[in-house]
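K.L.:
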Amino acid sequence: QVQLVESGGGLVQPGGSLRPSCSASRSIFTLNAMAWYRQAPGKQRELVASINSGGSTNSADSVKGRFTISRDNAKNTVYLQMNSLKPEDTAVYYCKAIGNGSYWGQGTQVTVSS
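Set out below in structure tokens:
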């Protein structure tokens with residue numbers, strides 16, 4: 003089992019940047035993949051970006067070129083660097099770990115507004 007804790011969300015103006023992080027309770031090195039999802043009010047949860055054990059990444063078309071997922075195995079932490087933020091990026095961002103099972107964090111709010 004893995005416990006995940008997200009942090010680093012907040013309020014930012016359009017065009018700004020944030021870097022939420024997801025800290026795991028144990029080593030993420032042996033996990034198949036880590037991912038960030040988001041859920042805006044009234045919408046379904048959607049995949050934002052993922053990174054597998056080999057370091058290969060994937061991201062949604064809506065964030066390509068703006069968001070980058072990375073992992074630090076030594077710190078058991080996954081990051082989501084978010085640049086050029088838009089109001090439509092406003093959502094609760096969740097971290098997910100995929101191993102023998104799937105595990106979710108509690109989420110961190112990101113609000114993009116002037």
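In terms of the working numbering, the sequence shown opens at residue 3 and continues consecutively.
Ideal Cβ placement from N, Cα and C applies to all residues, glycine included.
When the distance is taken between beta carbons, is residue 31 closer than 8 Å to residue 51?
P.N.:
no
K.L.:
Take residue 73 and list the residues in its own chain whose beta-carbon comes closer than 8 Å to its own, dropping the five residues that flank it on each side.
P.N.:
30, 36, 53, 57, 79, 80 and 81
K.L.:
Taking 6 Å as the limit between beta carbons, can you name the residues of its chain near residue 100, skipping five residues before and five after?
P.N.:
Counting only Cβ-Cβ distances below 6 Å, and skipping sequence neighbours, we find 34 and 35.
K.L.:
At which residues does the beta strand (DSSP E) containing residue 98 begin and terminate?
P.N.:
93-100
K.L.:
Measuring alpha carbon to alpha carbon, tell me which of 48, 6, 14 and 10 ends up nearest residue 87.
P.N.:
14
K.L.:
Per DSSP, which one or two residues make a beta bridge with residue 41?
P.N.:
94
K.L.:
Using the Cα positions of residue 22 and residue 44, report the straight-line distance between them to the nearest angstrom.
P.N.:
If you take the alpha carbons of residue 22 and residue 44, they lie about 22 Å apart.
K.L.:
Going by DSSP in three states, residue 75 sits in which element: helix, strand or coil?
P.N.:
Residue state, collapsed to three classes: helix.
K.L.:
Taking residue 63 as the reference, which of 91, 27 and 76 has the closest Cα?
P.N.:
It is 91 whose Cα lies nearest to the Cα of residue 63.
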